[in-house]
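Step one of this worksheet: look at the structure below.
Numbering (my numbering), first residue to last: 699 to 1157.
What follows is the structure, given as structure tokens:
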């Protein structure tokens, strides 16, 4: 039986891995550069033309090719989980849509950049040493961002609407981005609480700073989801342990139940929005969504092409057909409507397959490492729910999409680990559990938790 040596991972190796370098760029570097070079009024539509993006992501793509070539002998160890295959199918269809896109030249540029983002996060993560901890690197990245934003908070940088300050924005160009960053940081910090010593202390400090940032950002959505998602993830964990029903099955049951309830009673999310914000249109988003529905009817099957609807020039459909202020929108403020707009219902089905298989993979992580799985599921749910109000799916310069890709990569790494362990045990059927090995309690489906790195010490 082949045995792999495991080195104790350091924080630097986790933080500066290729996948987390992409996170550092999306969460820290790009927003800081944008803060010092652009104003909020002229940001939409400039991301794909900015020099830092033209330099960084091609370099990441090159680094990925070199890394993959150096690890080519390990190709036999690779296992391509279903959710990763669905991701690449979703990406491939986006590339294919260039052939019928409204603005093919822009669609090509945006697709190439997106392909570099996806591959430079997922592929290196699957090829990297098992000692690398993506979740720790993700936490360190957001912890640095939180600490930096505290200083910008002291500096008084705020978001204004009609000359009225509506919340602090930190070094981001809008308060909602600061809220998103702090909320994700709060969620990934929860994983540090399961460790002792300095890691737990540092996690508690970052969580406290996150609460302060969310409060000053005045981001009610970020605060609500930061509280709601861990609760939902915890409930799904308990349901899975008690009934063996996977999280994705539970979510599907809840969604179908809501649709039936809304159809019968007329109680929709618009009513919830009115109860929370005093505005049933989700602060004007309903106007955008109504327009998006009309445009979807024009090309329902294949859509307008990948990122070929919004911000494609003065003759673009969003400019010519949209009413009033909707013409200035960079997206539909809903990742699901934007997916249908760009890739039609075919692309939407591919997105749903990708999301459901990813959640199914997270469910398997819950079985092996409940603490890690709970945090991963909380982050995944945050991004999935948040896409109902903002658009992040398949947008390479959105921090939520980069974070979700890292969760996807971590699920893939866990699936690969399970495969290697299963293969090793099948080759050595007489092997007994060693001292400290994970074991089930009699009559229980709960596995005694070891550290994530100890589980991988020998395969």
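For each residue, glycine too, the CB sits at the ideal point set by N, CA and C.
Source: prediction; values computed, not measured.
Residue from the options whose Cα sits closest to the Cα of residue i
| i | options | result |
| --- | --- | --- |
| residue 853 | 869, 1113, 921 and 954 | 869 |
| residue 930 | 1112, 721, 1105 and 1082 | 1082 |
| residue 904 | 856, 890, 1049 and 1002 | 890 |
| residue 1104 | 785, 911, 996 and 752 | 785 |
| residue 752 | 1036, 1095 and 830 | 1095 |
| residue 1010 | 1040, 1023, 994 and 999 | 1040 |
| residue 651 | 827, 883 and 1037 | Nothing can be reported for residue 651, as the shown portion of the chain is limited to 699 through 1157. |
| residue 791 | 1022, 726 and 1049 | 1049 |
| residue 847 | 907, 838 and 887 | 907 |
| residue 1112 | 732, 1058, 1093 and 923 | 1058 |
| residue 824 | 943, 776, 866 and 721 | 776 |
| residue 816 | 1092, 1114 and 1109 | 1092 |
| residue 1102 | 898, 885 and 872 | 885 |
| residue 943 | 1035, 910 and 1064 | 1064 |
| residue 881 | 871, 928, 855 and 818 | 928 |
| residue 1019 | 909, 926, 986 and 873 | 986 |
| residue 950 | 1054, 921 and 1068 | 1054 |
| residue 1035 | 813, 1062, 829 and 983 | 983 |
| residue 876 | 733, 810 and 806 | 733 |
| residue 814 | 967, 756, 836 and 780 | 756 |
| residue 911 | 1014, 855, 959 and 1109 | 855 |
| residue 1110 | 1076, 1062, 1068 and 1097 | 1062 |
| residue 1076 | 924, 764 and 729 | 924 |
| residue 1114 | 722, 820 and 1013 | 820 |
| residue 1097 | 1016, 1067 and 874 | 874 |
| residue 764 | 960, 822, 731 and 1037 | 822 |
| residue 749 | 899, 811, 780 and 805 | 811 |
| residue 805 | 1014, 988, 865 and 1068 | 1014 |
Between the CA atoms of residue j and residue i - distance to the nearest angstrom
| i | j | result |
| --- | --- | --- |
| residue 1032 | residue 878 | 15 Å |
| residue 713 | residue 1074 | 17 Å |
| residue 832 | residue 849 | 27 Å |
| residue 935 | residue 895 | 26 Å |
| residue 1107 | residue 1089 | 21 Å |
| residue 999 | residue 992 | 14 Å |
| residue 888 | residue 1042 | 37 Å |
| residue 803 | residue 794 | 13 Å |
| residue 1087 | residue 1030 | 9 Å |
| residue 845 | residue 726 | 11 Å |
| residue 945 | residue 1056 | 10 Å |
| residue 957 | residue 841 | 38 Å |
| residue 1044 | residue 1051 | 11 Å |
| residue 788 | residue 782 | 10 Å |
| residue 827 | residue 1070 | 18 Å |
| residue 955 | residue 964 | 13 Å |
| residue 913 | residue 818 | 34 Å |
| residue 1085 | residue 769 | 35 Å |
| residue 897 | residue 830 | 16 Å |
| residue 715 | residue 837 | 13 Å |
| residue 872 | residue 839 | 20 Å |
| residue 705 | residue 720 | Legend: pLDDT at residue 705 = 40, less than 50; position of this residue unreliable, value from coordinates given subsequently. The alpha-carbon atoms of residue 705 and residue 720 are separated by roughly 24 Å. |
| residue 754 | residue 1012 | 29 Å |
Cβ-based burial, residue i [other Cβ within 10 Å; buried from 16]
| i | result |
| --- | --- |
| residue 938 | buried |
| residue 1099 | buried |
| residue 1060 | buried |
| residue 808 | buried |
| residue 718 | buried |
| residue 962 | exposed |
| residue 778 | exposed |
| residue 739 | A caution first: residue 739 carries a pLDDT of 43, below 50, which makes its placement in the model unreliable, though a value can still be read off. Residue 739 is exposed by the Cβ-count criterion. |
| residue 996 | exposed |
| residue 767 | exposed |
| residue 1021 | exposed |
| residue 834 | buried |
| residue 902 | exposed |
| residue 1080 | buried |
| residue 863 | exposed |
| residue 1008 | buried |
| residue 990 | buried |
| residue 1027 | buried |
| residue 1023 | exposed |
| residue 857 | buried |
Any chain D beta carbon closer than 8 Å to residue i
| i | result |
| --- | --- |
| residue 1019 | In summary, chain D is missing from the structure at hand, where a single protein chain is found. |
Quiz item: Hey, is the segment 792 to 806 in contact with the segment 999 to 1013, meaning 3+ C-beta pairs nearer than 8 Å?
Solution: In short, these stretches touch, since the Cβ pair count reaches three.
Self-check item: Inter-stretch contact (C-beta, 8 Å, three-pair minimum) for the segment 917 to 924 and the segment 757 to 769
Solution: In short, these stretches do not touch, since the Cβ pair count stays below three.
Exercise. Taking only runs that begin and end inside the segment 831 to 879, name each unbroken beta strand (DSSP E) of 3 or more residues, in chain order.
Key: Given a length threshold of 3 residues, each whole run of the beta strand (DSSP E) inside the segment 831 to 879 is given here in chain order: 856 to 859 and 862 to 866.
Exercise. Go through the segment 895 to 953 residue by residue and report every complete run of the beta strand (DSSP E) that reaches 3 residues or more, in order.
Key: Segments of the beta strand (DSSP E) lying fully in the segment 895 to 953: there are none.
Practice problem: Quick one: which unbroken alpha helix (DSSP H) runs of 4-plus residues sit fully inside the segment 1003 to 1079? Chain order, please. | Solution: Segments of the alpha helix (DSSP H) lying fully in the segment 1003 to 1079: 1015 to 1018 and 1033 to 1066.
Quiz prompt | Inside the segment 715 to 739 only - beta strand (DSSP E) runs reaching at least 3 residues | solution = Taking only runs of at least 3 residues, no beta strand (DSSP E) segment lies wholly in the segment 715 to 739.
Exercise. Go through the segment 772 to 797 residue by residue and report every complete run of the alpha helix (DSSP H) that reaches 4 residues or more, in order.
Key: Those alpha helix (DSSP H) runs which fall completely within the segment 772 to 797 and span 4+ residues are 780 to 794.
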